[in-house]
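Position one of the sequence shown corresponds to residue 995 (my numbering), numbered consecutively onward.
Positions of the beta carbon are idealized from the N, C-alpha and C atoms, including for glycine.
What follows is a single structure, written as structure tokens, with notes after it.
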Amino acid sequence: MQRKHILITGASGTVGSEILKLITQFPEYQITCFDIVNKKNKKFFNQYKNKIQWITGDISNESEVKKIPSQIDVVIHLAALIPPSADLYPHLTQKINVLGTKLLLNHLEKTSPQVFFIYSSSIALYGDRVENPYIRVSDPIKISEGDYYAETKMAAEQLVQQSSLRWSIFRLAAIMKNHKISKLMFHMPLKTHFEICTPNDTANAFVKAISNQEQLQFRIFNLGGGEKSRTSYQKFLENSFKIYGLGRLDFPENSFATKNFHCGYLADGDDLENILHFRNDTLKSYYHTTQASFPLYKKLAASLFSKIIKYYLLKQSEPYQAYKSDNQEMMQRFFKKNTQSKYSFKNEKKNKNSTPLPYTILQLIDFKCTTYNFKNIKYQIKSRANVYCLF
């Protein structure tokens, strides 16, 4: 029997790497990956060198996209620039997320017109759902202000639906693994209803979609972990801080935005589960796995320097900086109308909690590192607060 030829773009990412780990267990699939070439990807794809074909290329470069062979049976299109980089580099995000999708679709229409195209999108398209947390595919698209990533995902979805190919779109919930903290942590309101899905379960859905094309084609689905993977964002952070040794979630008032992000409960998420039966993990199992995989010495180090770490995390909070500086434009973006700044940087009264810490102390630790030497600690918390342990 002839093997099905599967193309995966962005296979080295969080979800893609789990898909590759799973799909290479199926001998009936011929796997081709299209991804950029760099040191990290060379190391990653080298472990699959006898199981896949890796085509190096830039998804936004037409001549490089044309290197993709003809007669592809299924495409899993994951390649994208994601936040926070997506919002920092809008031109590059447009090139990769929109132009890249367009070039790929054009090439497939000419060389693999029979292909089944599975597109990885995002629930960011639904925008702020703090007051109306139950999300359905039929809900209107209402992208939050400043969410350029979501805008490119919407544009790419339209390109997919306008193509002549058979397609299915999965709008992904919060895909949780051990991520580095970024300033986006403070963009999500603590009252946000929060449904996660693990990379393992997400990968399982994409792989199972290959053998369920008839039920999926020309349809959009919300992909999440289901009822057992739901919580509030505040509870999620509180549990995560405990797991990583950071103690209480005790940031000052107005550190977190109160509006204008996304996430919620996927009210119709079971539609995809009933077809693919892809869920194995829950929020409880996620916490357990995360705690088991986080080394004790890192937790002890985080506990020892938790105040320093949280001090520098707070410096990354754009809502808090807008509040303190009385930046009305940014406050309108992050806060509801009844939020007013009580002070600015110029007249702020110093206290023991706001006193800058000596740089010599801040040189002690860098959680971006993967190894530690407690006899001669020379690590430094960088200004971007690259903490290894959270998202």
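Every unbroken alpha helix (DSSP H) within the stretch 1105-1170, with a cutoff of 4 residues, ordered by chain = 1142-1156
ask   = Counting only beta-carbon atoms, is D1141 nearer than 8 Å to chain C?
value = In the structure shown, chain C does not exist; there is a single protein chain.
task = Going by DSSP, name the residue or residues bridged to D1195.
result = Looking at the DSSP assignment, D1195 forms no beta bridge with any residue, so it has no partner.
query = Grouping DSSP H, G and I as helix and E and B as strand, with all else coil, what is I1030?
reply = coil
ask   = Between the Cα of M1182 and the Cα atoms of Q1285, K1147, S1226, which residue gives the shortest distance?
value = S1226
query = For S1319, does the three-state DSSP call read helix, strand or coil?
reply = helix
key: Length at least 3, wholly inside the stretch 1171-1252: the beta strand (DSSP E) runs in chain order   = 1187-1191, 1213-1217, 1224-1226
key: Close beta carbons around A1296, own chain, < 6 Å, minus the five adjacent residues each side   = Y1238, G1239, L1240
task = Could you tell me which residues DSSP pairs with V1069 in its beta bridges?
result = L1001, F1111
request  = Determine the closest residue to D1195 out of S1054, I1049, N1274, G1051, with distance taken between C-alpha atoms.
outcome  = N1274
ask   = Which residue's Cα is closest to the Cα of F1328: K1104, D1244, A1168, S1138?
value = S1138
key: CA-to-CA distance, N1321 to E1247, given in whole angstroms   = 16 Å
Burial state of H1071, where buried means 16 or more other Cβ atoms lie within 10 Å = buried
request  = Taking only the alpha-carbon atoms, compute the straight-line gap between L1184 and F1111 and give it to the nearest angstrom.
outcome  = Across the structure, L1184 and F1111 are spaced so that their CA atoms are roughly 36 Å apart.
task = Take the Cβ of I1135 as the centre, count every other Cβ of all protein chains shown within 10 Å, and call the residue buried at 16 or more, exposed below.
result = exposed
query = In terms of alpha-carbon separation, which member of L1307, W1048, I1002, L1119 lies closest to L1243?
reply = L1307
task = Quick one: using the 10 Å Cβ neighbour count with 16 as the cut-off for buried, is R1123 buried or exposed?
result = buried
ask   = What does T1050 pair with, by DSSP beta-bridge criteria?
value = According to DSSP, T1050 bridges with D1029.
ask   = How about the stretch 1040-1049 and the stretch 1091-1099: do they share at least three Cβ pairs that are nearer than 8 Å?
value = no
Straight-line gap, P1078 to L1178 (C-alpha atoms, nearest Å) = 7 Å
message = For V1031 and F1038, I'd like the C-alpha separation in whole angstroms.
response = 11 Å
query = What's the C-alpha gap between L1358 and Y1291?
reply = Because the pLDDT of L1358 is 36, which lies under 50, any placement of that residue in the model is unreliable, and the number read from its coordinates should be weighed accordingly. Cα to Cα, the separation comes out at about 15 Å.
message = Just list the residues that DSSP pairs Y1083 with in beta bridges.
response = Answer is none; Y1083 lacks a bridge partner.
Inter-residue Cα distance where the pair is D1133 and L1298 = Taking the straight line joining both Cα atoms gives about 46 Å.
message = Looking only at its chain, what residues have a beta carbon closer than 6 Å to the beta carbon of V1068, apart from the 5 residues adjacent to it on each side?
response = I1000, F1110, I1204
query = Which one or two residues does DSSP pair with L1260 in a beta bridge?
reply = I1129
task = Pick helix, strand or coil for Q1024, following the three-state DSSP scheme.
result = For Q1024, the three-state secondary structure derived from DSSP is strand.
ask   = Under a Cβ-count criterion, where at least 16 other Cβ atoms within 10 Å of its own Cβ denotes burial, should K1253 be classed as buried or exposed?
value = buried
request  = Using 10 angstroms around the beta-carbon of H1271, count the other beta-carbons present and answer buried if the total reaches 16, otherwise exposed.
outcome  = So H1271 ends up on the exposed side.
request  = Could you tell me the distance, in whole angstroms, from the CA atom of K1034 to the CA atom of G1007?
outcome  = 11 Å
Beta-carbon gap between N1216 and L1260 smaller than 8 Å = yes
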